[in-house]
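**Student:** Here the sequence shown is numbered in our numbering, starting from 2 and rising by one per residue.
Sharing a structure with you now.
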Amino acid sequence: MGTLTYVAMLVFVLLATLPLELVLRTRVYARMTRLALTIVCVGVPFVLWDIAATRAGHWWFDLDLTLGIELPGGLPLEEWMFFLVVPIASVLTLEAVRSVRGWTVGDEQEERA
2 MGTLTYVAML VFVLLATLPL ELVLRTRVYA RMTRLALTIV CVGVPFVLWD
52 IAATRAGHWW FDLDLTLGIE LPGGLPLEEW MFFLVVPIAS VLTLEAVRSV
102 RGWTVGDEQE ERA
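Next up, the structure:
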């Protein structure tokens, strides 16, 4: 797969969790503000950590497995997308488990409104 390896993994993660929204009606995409806040809260510290770690040489990205598009901080586009895709998949999974198990977290009144 070469340069599309990382992109393929991200697409797989999104496609694998999409049925959770469609079948279980988790309404994650319907609550975009909430989802965006989650992504920012998770993404910002981890992107900063990722930038610091790559600059310090703790890890690197194989340019043969990425598109070769570098964004601010020297991270490849796919790494930035990782911090968008994985939180979405995580929230979808959590909401699916909540739906199936009947777990409550205190926001149920908000969802009825």
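Glycine is no exception: its CB is placed at the ideal position from the N, C-alpha and C atoms.
Treat the numbers as computed from the prediction; the structure is a model and nothing was measured.
Do the CB positions of residue 102 and residue 75 come within less than 8 Å of each other?
**Tutor:** Contact: no.
**Student:** Evaluate residue 89 with the Cβ neighbour count: other Cβ atoms within 10 Å of its Cβ, from every protein chain shown; 16 or more gives buried, anything less gives exposed.
**Tutor:** The residue in question, residue 89, is buried, as its Cβ has 16 or more Cβ neighbours within 10 Å.
**Student:** Expressed to the nearest angstrom, what Euclidean distance is found between the alpha-carbon atoms of residue 92 and residue 68?
**Tutor:** Each residue's alpha carbon lies about 27 Å from the other.
**Student:** Name the two residues that bound the continuous alpha helix (DSSP H) containing residue 88.
**Tutor:** 78-102 is the extent of the alpha helix (DSSP H) around residue 88.
**Student:** Buried or exposed for residue 72, please, with buried defined as at least 16 other CB atoms from any protein chain shown within 10 angstroms of its CB.
**Tutor:** Looking at its Cβ environment, which holds fewer than 16 other Cβ atoms inside 10 Å, residue 72 is exposed.
**Student:** How would you label residue 34, buried or exposed, when you count the other beta carbons within 10 angstroms and need 16 or more for buried?
**Tutor:** Exposed: under 16 other Cβ atoms inside 10 Å.
**Student:** What are the start and end residues of the alpha helix (DSSP H) that includes residue 47?
**Tutor:** 33-56 is the span of the alpha helix (DSSP H), which, as asked, contains residue 47.
**Student:** For residue 65, which residues in the same chain have their Cβ closer than 8 Å to its Cβ, ignoring the five residues on either side in sequence?
**Tutor:** Excluding positions up to five away in sequence, the list reads 3, 4.
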